[in-house]
């Protein structure tokens with residue numbers, strides 16, 4: 001019996017080996033595309049840019065760039081750009097000019113220019129890619145300011161990592177910052193065809209340090225919300241040129257607007273996606289100073305949607321806990337933390353409302369309240385007839401926030417700073 | 001001479017569960033979601049309950065005619081000509097079902113794994129393995145099923161568990177899908193999904209009596225119902241109803257979306273393993289049932305000379321549909337919507353005829 005069983009197993013496994021022999025292709029026969037950019041074309045409908053890193057053992061065994069033995073940055077990669085009417089015809093044209101075959105099995109992200117996303121042609125081109133077997137549904141989608149071609153060319157490994165790892169880790173940061181949402185090809189297709197919600201994508205840009213001014217008058221503008229920028233606008237210098245910050249907002253297949261990094265955080269808070277993050281509020285007693293608050297514990301937000309009345313009404317209850325990490329003014333809030341708690345609650349309420357209204361102006365359910373509203377309906381025809389995506393624009397929102405300060409860092413007391421003139 | 005042999009409760013249940021549930025890995029879930037929307041995961045439980053109700057007729061029939069298979073019962077109740085006609089219809093249905101399921105498997109294999117290989121090549125290799133399994137005989141097929149069901153179950157539950165992070169509960173709402181009436185009617189019609197349990201009638205003499213047959217039939221349908229419902233629930237939680245009806249193989253798509261950390265990704269090979277082994281068993285069981293019916297009709301005592309021609313017939317029928325779209329939208333759809341008639345009705349007709357004509361099995365066989 002055992003011999004027969006073994007024979008059966010062997011016979012079943014043999015077909016897999018046979019098929020491998022029939023159409024086998026060596027790994028070196030392929031050029032693995034890790035990043036693809038899509039712009040509006042000049043000579044044809046689309047301009048596609050493919051980044052192919054060189055997989056070698058030279059750079060720390062990882063390949064695809066990084067640092068060589070001398071500690072110099074190594075960028076073994078090639079970028080191809082082609083104007084073409086479709087992806088497959090573009091691939092065919094590139095394949096005719098290189099001694100390898102382009103392969104997309106390791107494609108990490110597709111970068112789409114903002115211009116193309118706003119034209120509505122993006123959906124026409126991208127959503128059908130879910131059919132193509134080499135491109136996975138989990139491939140990330142980034143909407144970039146300016147040219148996708150330049151964005152792809154600027155992608156490089158960071159501190160010895162490989163390009164794919166750098167990109168993957170950069171995108172994964174959304175869980176800790178909330179500055180942009182998660183979007184992959186599968187989610188894009190799901191959300192664009194969904195009756196529950198609309199697509200929200202990662203917004204990126206190149207930040208070459210132009211906004212970082214070395215000289216000029218000292219800043220005196222008062223409190224400024226951290227992260228309230230779009231990608232590419234942050235005043236910073238150094239690090240990766242690629243910057244992900246903000247949310248591209250879609251209605252159907254067309255990009256209709258964008259949220260700043262801070263507004264994206266408000267959205268992430270309501271989604272319950274944030275694991276921990278830092279918010280900075282103005283000091284209630286001394287508005288020229290700020291208080292950074294680290295949020296660590298989130299309860300799942302409680303969302304109720306009333307769809308019985310003519311205009312839907314949404315109730316949100318948010319419970320968060322956090323720590324005070326600094327008190328610039330030196331006020332003794334450790335013994336009076338109610339003031340901070342109330343100020344932070346008010347801060348979140350106002351900004352969630354503002355973001356919600358901005359979404360309504362764009363005719364988009366940015367907070368995905370549709371995911372909750374659908375529970376009020378028993379059948380799909382009832383739900384589709386209600387047309388939530390239209391009704392949400394008339395909805396009213398009430399937000400309740402319950403914030404508790406759990407810890408005050410390594411200090412439980414703030415003593416004033418003294419100088420020769422006394423207490424400052 | 002191929003020996004049917006005897007096999008027990010566990011072997012039979014394993015064989016039937018694999019034969020039934022493997023269909024959930026192909027286009028059937030998408031087709032069900034297209035009709036009932038978000039209600040597919042409990043619609044299949046209605047199908048299982050209906051199938052169990054139909055199986056009751058077969059069980060009562062087999063109890064009335066102990067130690068006889070459905071072909072022998074047909075001969076006794078309807079006479080040799082009437083019985084042969086009914087058996088021939090069943091034979092045709094089994095071989096067509098096996099062919100269509102094989103074509104679906106091969107097409108999906110070509111889309112996802114072997115895009116460069118000609119379809120005929122994949123079919124020939126697959127058919128050769130089926131020939132070998134058929135030559136091994138029914139007892140060995142059943143024992144092989146018991147051997148691999150644990151591996152298949154581990155793989156299946158592994159894929160579902162690893163997909164949990166992609167689950168979103170709102171996707172199963174509105175809970176009644178396209179309406180309760182539609183769900184109930186579709187659920188009853190799609191009882192054909194569990195129709196493979198009726199091979200018990202063909203293999204009855206190899207089982208250990210009518211009590212065992214009862215246990216095997218109902219347990220197989222019950223477990224298959226739970227597994228199918230679980231897989232449909234997993235698809236519904238992973239994909240919104242609008243996109244899940246577009247997918248060729250939601251299970252494969254679900255497996256390919258597993259992304260646990262930066263290095264635990266791309267686990268589809270586990271799924272391929274389930275796919276290949278499960279389909280080998282399913283096609284072989286259906287083909288073997290067809291061969292047994294054919295040999296009975298034409299009084300062929302040795303099945304070996306029939307195996308190869310039958311596999312060639314299987315291969316030939318495989319080539320009839322023009323494309324995967326035709327397989328899924330015409331052939332598989334027809335099998336699921338109307339399959340309950342050829343699967344379950346012969347037993348119902350035979351039982352009614354036996355009661356009217358007062359036919360019974362041999363008393364000394366009871």
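Protein chains in written order, with my numbering: chain A, 1 to 424; chain B, 1 to 366. Where is the CB? At the ideal position from N, CA and C, for every residue including glycine.
C-beta atoms of residue i and residue j nearer than 8 Å
{"i": "residue 13 (chain B)", "j": "residue 300 (chain B)", "result": "no"}
{"i": "residue 270 (chain B)", "j": "residue 131 (chain B)", "result": "no"}
{"i": "residue 171 (chain B)", "j": "residue 236 (chain B)", "result": "yes"}
{"i": "residue 149 (chain A)", "j": "residue 236 (chain A)", "result": "no"}
{"i": "residue 262 (chain A)", "j": "residue 345 (chain A)", "result": "no"}
{"i": "residue 105 (chain B)", "j": "residue 249 (chain B)", "result": "no"}
{"i": "residue 117 (chain B)", "j": "residue 12 (chain A)", "result": "no"}
{"i": "residue 65 (chain B)", "j": "residue 361 (chain B)", "result": "yes"}
{"i": "residue 38 (chain A)", "j": "residue 113 (chain A)", "result": "yes"}
{"i": "residue 397 (chain A)", "j": "residue 314 (chain A)", "result": "yes"}
{"i": "residue 110 (chain A)", "j": "residue 126 (chain A)", "result": "yes"}
{"i": "residue 274 (chain B)", "j": "residue 133 (chain B)", "result": "no"}
{"i": "residue 79 (chain A)", "j": "residue 25 (chain A)", "result": "no"}
{"i": "residue 36 (chain B)", "j": "residue 177 (chain B)", "result": "yes"}
Separation of residue j from residue i, as counted between CA atoms
{"i": "residue 199 (chain B)", "j": "residue 211 (chain B)", "result": "16 Å"}
{"i": "residue 177 (chain A)", "j": "residue 276 (chain A)", "result": "7 Å"}
{"i": "residue 230 (chain A)", "j": "residue 162 (chain A)", "result": "26 Å"}
{"i": "residue 356 (chain B)", "j": "residue 122 (chain B)", "result": "49 Å"}
{"i": "residue 73 (chain B)", "j": "residue 233 (chain B)", "result": "40 Å"}
{"i": "residue 272 (chain A)", "j": "residue 365 (chain A)", "result": "16 Å"}
{"i": "residue 252 (chain B)", "j": "residue 135 (chain B)", "result": "31 Å"}
{"i": "residue 352 (chain B)", "j": "residue 276 (chain B)", "result": "40 Å"}
{"i": "residue 420 (chain A)", "j": "residue 279 (chain A)", "result": "35 Å"}
{"i": "residue 86 (chain A)", "j": "residue 122 (chain A)", "result": "12 Å"}
{"i": "residue 319 (chain B)", "j": "residue 103 (chain B)", "result": "8 Å"}
{"i": "residue 149 (chain B)", "j": "residue 296 (chain A)", "result": "45 Å"}
{"i": "residue 306 (chain B)", "j": "residue 291 (chain B)", "result": "7 Å"}
{"i": "residue 92 (chain A)", "j": "residue 105 (chain A)", "result": "16 Å"}
{"i": "residue 413 (chain A)", "j": "residue 422 (chain A)", "result": "19 Å"}
{"i": "residue 266 (chain B)", "j": "residue 6 (chain B)", "result": "41 Å"}
{"i": "residue 319 (chain A)", "j": "residue 294 (chain A)", "result": "14 Å"}
Delimiting residues of the beta strand (DSSP E) encompassing residue i
{"i": "residue 305 (chain B)", "result": "Here residue 305 (chain B) belongs to no beta strand (DSSP E); instead the alpha helix (DSSP H) covers 304-318."}
{"i": "residue 219 (chain A)", "result": "Taken as a continuous stretch (DSSP letters only), residue 219 (chain A) belongs to no beta strand (DSSP E), as it is neither H nor E."}
{"i": "residue 143 (chain A)", "result": "140-144"}
{"i": "residue 402 (chain B)", "result": "Any answer about residue 402 (chain B) is impossible in this case: the structure gives chain B only from 1 up to 366."}
{"i": "residue 258 (chain A)", "result": "254-259"}
Presumed contact (8 Å Cβ cut-off) between residue i and residue j, rounded CB distance
{"i": "residue 191 (chain B)", "j": "residue 340 (chain B)", "result": "5 Å"}
{"i": "residue 173 (chain B)", "j": "residue 44 (chain B)", "result": "That pair is no contact at about 18 Å."}
{"i": "residue 405 (chain A)", "j": "residue 306 (chain A)", "result": "Actually they are not in contact, since the Cβ atoms of residue 405 (chain A) and residue 306 (chain A) sit about 32 Å apart, beyond 8 Å."}
{"i": "residue 145 (chain A)", "j": "residue 205 (chain A)", "result": "4 Å"}
{"i": "residue 4 (chain A)", "j": "residue 140 (chain B)", "result": "6 Å"}
{"i": "residue 311 (chain A)", "j": "residue 189 (chain A)", "result": "In fact, because the Cβ distance is near 31 Å, the residues do not count as touching under 8 Å."}
{"i": "residue 33 (chain A)", "j": "residue 102 (chain A)", "result": "6 Å"}
{"i": "residue 241 (chain B)", "j": "residue 38 (chain B)", "result": "5 Å"}
{"i": "residue 270 (chain A)", "j": "residue 352 (chain A)", "result": "7 Å"}
{"i": "residue 100 (chain B)", "j": "residue 332 (chain B)", "result": "6 Å"}
{"i": "residue 253 (chain A)", "j": "residue 192 (chain A)", "result": "6 Å"}
Buried/exposed call for residue i, threshold 16 Cβ in 10 Å
{"i": "residue 296 (chain B)", "result": "buried"}
{"i": "residue 132 (chain A)", "result": "exposed"}
{"i": "residue 411 (chain A)", "result": "exposed"}
{"i": "residue 138 (chain B)", "result": "buried"}
{"i": "residue 294 (chain B)", "result": "buried"}
{"i": "residue 347 (chain B)", "result": "buried"}
{"i": "residue 182 (chain B)", "result": "buried"}
{"i": "residue 115 (chain B)", "result": "exposed"}
{"i": "residue 340 (chain A)", "result": "buried"}
{"i": "residue 58 (chain A)", "result": "At residue 58 (chain A), the pLDDT of 47 sits below 50, so the modelled position is not reliable; the number obtained from the coordinates is stated separately. The residue is exposed, with fewer than 16 neighbouring Cβ atoms inside 10 Å."}
{"i": "residue 173 (chain A)", "result": "exposed"}
{"i": "residue 145 (chain B)", "result": "buried"}
{"i": "residue 289 (chain B)", "result": "buried"}
{"i": "residue 291 (chain A)", "result": "buried"}
{"i": "residue 70 (chain A)", "result": "Caution applies to residue 70 (chain A), whose pLDDT of 48 falls short of 50 and renders its modelled position unreliable; the value that the coordinates give is listed next. The residue is exposed, with fewer than 16 neighbouring Cβ atoms inside 10 Å."}
Span of the alpha helix (DSSP H) around residue i
{"i": "residue 333 (chain A)", "result": "Note, residue 333 (chain A): premise wrong, no alpha helix (DSSP H); not H, not E."}
{"i": "residue 403 (chain B)", "result": "Absent from the model: residue 403 (chain B). The displayed extent of chain B is 1 to 366, so no value can be given."}
{"i": "residue 137 (chain A)", "result": "Note, residue 137 (chain A): premise wrong, no alpha helix (DSSP H); not H, not E."}
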